[in-house]
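Novice: Residue numbers (UniProt numbering): 1 to 211.
Note that the Cβ used here is the ideal one computed from N, Cα and C, for glycine as well.
None of the values given here were measured: they were computed from a predicted structure.
Here it is, the structure in full.
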Amino acid sequence: MAPDALAATLAARAGPGRSIVAIAGPPGSGKTTLTASVEAALTGTHGLCARSLQMDGFHYDNAVLDSLGLRARKGAPETFDTDGLAALLARLAAGDAPDIAVPAFDRTLDLTRACATIIGREARMLVVEGNYLLLNRPPWQALQRHFTCTVALDCAEDTLRARLMQRWRGLGHSESAARTKVEQNDLPNARLVLHHSRPADILVSCPGAPG
């Protein structure tokens, strides 16, 4: 399903209040790219004020991961502040605050930027993207009550491997270091997402760019 078609489907499902859409998928499946396209189409084509939120904005800082011995596993489910994400989703679902500051993850700097953007009360569609939004395990299951519609990206492992290698090389890692990250962390995380997430309302084949 193309981004414009997905946006049209989501717009048709929108109710009178705020809708929160989850876009989930393994690392490298194109979540960020798809989310940006859908957000633009919802706002520009369908006249809905849409905003996006990254699950990756809730990465633990590298200093915290070092203290926990989890730096090499950054991106695995246990390396996120799930409770913080749940609390923010509850505030956004309530829709009674005029402005809510939300974080974002800067992949180039490898850190989270707090209060990176503001989501105002006028936002009718909120598109949340992340690997584990539909993971069928606690504490991730607690997030899912906030979603009015869910989308899952399906992607072949060979495609994910190629995209993830390209991502790490692009961030300055050697071929050997990139392969270690992909084979020892990214792909195990991808398999977890693909095999242990609950079914989504809408299944989409992965688009052409990594996310």
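Would you report the Cα separation of Leu6 and Arg137, rounded to the nearest angstrom?
Specialist: If you take the alpha carbons of Leu6 and Arg137, they lie about 27 Å apart.
Novice: Cβ of Val102 within 9 Å of Cβ of Ala50?
Specialist: Contact flag unset, no.
Novice: Any idea what DSSP makes of Ser37, helix, strand or coil?
Specialist: The answer is helix: DSSP assigns Ser37 an H, G or I state.
Novice: State yes or no: is the C-beta of Leu70 within less than 9 Å of the C-beta of Glu78?
Specialist: Cβ atoms of Leu70 and Glu78: closer than 9 Å.
Novice: Would Thr45 be called buried (16 or more neighbouring beta carbons within 10 Å of its own) or exposed?
Specialist: With fewer than 16 Cβ atoms within 10 Å of its Cβ, Thr45 is classed as exposed.
Novice: Apart from the five residues on each side of it in sequence, which residues of its chain come closer than 7 Å, Cβ to Cβ, to Ala209?
Specialist: Below a pLDDT of 50, predicted positions are generally treated as unreliable, and Ala209, at 45, falls in that range; no measurement from the model is reported.
Novice: In three-state terms, what does DSSP make of Arg179?
Specialist: Reduced to three states, the DSSP call for Arg179 is helix.
Novice: Tell me which same chain residues have a C-beta within less than 7 Å of the C-beta of His196, skipping the five on either side of it?
Specialist: Hits under 7 Å: Leu135, Asn136 and Arg137.
Novice: Where does Asp4 sit, in a helix, a strand or coil, going by DSSP?
Specialist: Residue state, collapsed to three classes: helix.
Novice: Look at the alpha carbon of Arg122 and the alpha carbon of Leu133, and state the distance between them as a whole number of angstroms.
Specialist: Looking at the sequence shown, residue 122 is not Arg but Glu. Their backbone Cα atoms lie some 24 Å apart in a straight line.
Novice: Compute the Euclidean distance between the alpha carbons of residue 245 and Ala2, then round it to the nearest angstrom.
Specialist: Residue numbering for the chain in the displayed model covers 1 to 211; residue 245 lies beyond these limits and cannot be assessed.
Novice: What would DSSP say about Asp201, mapped onto helix, strand or coil?
Specialist: DSSP places Asp201 in coil when its eight states are reduced to three.
Novice: Determine whether the beta carbon atoms of Thr112 and Asp66 lie at a separation below 9 Å.
Specialist: Going by C-beta atoms, Thr112 is not nearer than 9 Å to Asp66.
Novice: With respect to the beta strand (DSSP E) encompassing Gly130, which residues constitute its N-terminal and C-terminal limits?
Specialist: Where Gly130 is concerned, the enclosing beta strand (DSSP E) stretches over Met125 to Gly130.
Novice: Our contact map puts Leu85 next to Met55 with C-beta atoms below 8 Å; I'd like the distance itself, whole angstroms only.
Specialist: Correct: roughly 6 Å between the Cβ atoms.
Novice: Measuring from the CB of Gln144, is there a heavy atom of the ligand ZN at a distance below 8 Å?
Specialist: The ligand ZN is not part of the structure shown, which contains no ligands of any sort.
Novice: Where do the ends of the alpha helix (DSSP H) carrying Pro98 lie?
Specialist: From DSSP, Pro98 is part of no alpha helix (DSSP H); its letter is neither H nor E.
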